[in-house]
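**Student:** Please find one structure pasted underneath; my questions will follow.
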Amino acid sequence: MFQLHPDNPKRFLFRGKPAVLVTSGEHYGAVLNLDFDYRSYLEELAEHGLNHTRVFSGVYRELTGSFGITNNTLSPAAGRWACPWARTDVVGAADGGSKFDLRSYDPGYFERLKDFLVVAGRLGVVAEYNLFCPFYEDALWDWCPMNARNNVNGVGGCSRNRVYTLEEPELTEVQESLVRRIVAELNGFDNIYYEVCNEPYAGVVTPSWQDRIAAVITDTEAGLPNRHLISFNVANGGTRVEPNPLVGLYNFHYSVLSEVVALNADLPIAIGEN
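Just add 29 to wherever you are in the sequence shown, counting from 1, and you've got this note's numbering.
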């Protein structure tokens, strides 16, 4: 199991041995993009001695041309988007497909996700599974299954800045239900940890909402055999962490890692740059 080291919570333990996670050249859409060959990708990582990958859940996706990225794996072609929620036969979703049912899940998605983790585990690769991501612009929210335009449940008739705030109880319930399903489905894997939200500081993602999702993960696993590490993405650059007792790993972007570690040296937490 990938976890914090019991003798030093600033370090990791994986399959009974001290571990350092190192990776490069990430493809966040490895699971959500049905055209992506994740087997070759994971084999390439392992061949070069890398043992980590960061994968997005499929709740968030990007569009052709988003952020000027060429061949963006987070921007699947039409009909090639794997999402946890199941499609219905009701037409009219923004991507040209049928609308989603936020009370029903796609078995094919979970089959693909589990196979990804099986292959990664066989190669000794630990996956950070990123549950959510803020919507950096309206166009990205317009395509999300949680947007009322794209689901048959009438949920999500709000702006992108209210999605991850606890201000929309129906959306929060949908998110909690999804997290419970994912955590239950993946409990048997030893090569995964959960990051609640990518770059929450880039949108309106409240600390209370993040704490709620961390609690849902913890409460769900309380009745299951295994416990997985939870991660928060804290900031671009460096800052002082305000620890949540349910969270063991705090990740930063665009940081000088030695400076971030120094800022938080007295805290019993692991620091990463993902």
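Every residue, glycine too, gets a C-beta built ideally from N, C-alpha and C.
Distance check for asparagine 159 and alanine 244, CA to CA, integer angstroms please.
**Tutor:** Computed Cα separation, rounded: 16 Å.
**Student:** By a C-beta neighbour count over all protein chains shown, 10 Å radius and 16 as the cutoff for buried, is glutamate 166 buried or exposed?
**Tutor:** Its Cβ having fewer than 16 others within 10 Å, glutamate 166 is exposed.
**Student:** With DSSP as the reference, identify every bridge partner of alanine 107, one or two as the case may be.
**Tutor:** Alanine 107 pairs with nothing; no bridge assigned.
**Student:** Which two residues bound the contiguous beta strand (DSSP E) that contains aspartate 130?
**Tutor:** Taken as a continuous stretch (DSSP letters only), the beta strand (DSSP E) holding aspartate 130 covers 127 to 134.
**Student:** When burial is assigned at 16 or more other CB atoms within 10 Å of the CB, is isoleucine 211 buried or exposed?
**Tutor:** Buried.
**Student:** Which same chain residues end up closer than 7 Å to histidine 34 when comparing Cβ atoms and leaving out the 5 residues on each side of it in sequence?
**Tutor:** Correct list, in chain order: Arg40, Phe41, Leu42 and Pro47.
**Student:** Which of the three DSSP states, helix, strand or coil, is assigned to phenylalanine 41?
**Tutor:** Here phenylalanine 41 sits in strand by DSSP.
**Student:** Which runs of the alpha helix (DSSP H) at least 4 residues long sit entirely within the region 164 to 216? Give them in chain order.
**Tutor:** DSSP runs (the alpha helix (DSSP H)) wholly in the region 164 to 216: 167 to 171 and 198 to 214.
**Student:** Following a CB-centred definition, is phenylalanine 281 positioned closer than 6 Å to any heavy atom of the ligand ZN?
**Tutor:** Because no ligand of any kind appears in the structure shown, any question about the ligand ZN cannot be addressed here.
**Student:** Determine the DSSP secondary structure at serine 86, reduced to helix, strand or coil.
**Tutor:** In the structure shown, serine 86 sits in coil (DSSP, three-state: anything other than H, G, I, E or B).
**Student:** Take asparagine 280 as the anchor and find which of Thr194, Ile98, Leu71 and Gly301 has the nearest alpha-carbon.
**Tutor:** Ranking the options by Cα distance to asparagine 280, first place goes to Gly301.
**Student:** By how many angstroms is the C-alpha of glutamine 239 removed from the C-alpha of leucine 286?
**Tutor:** Leucine 286 and glutamine 239: Cα-Cα distance of roughly 23 Å.
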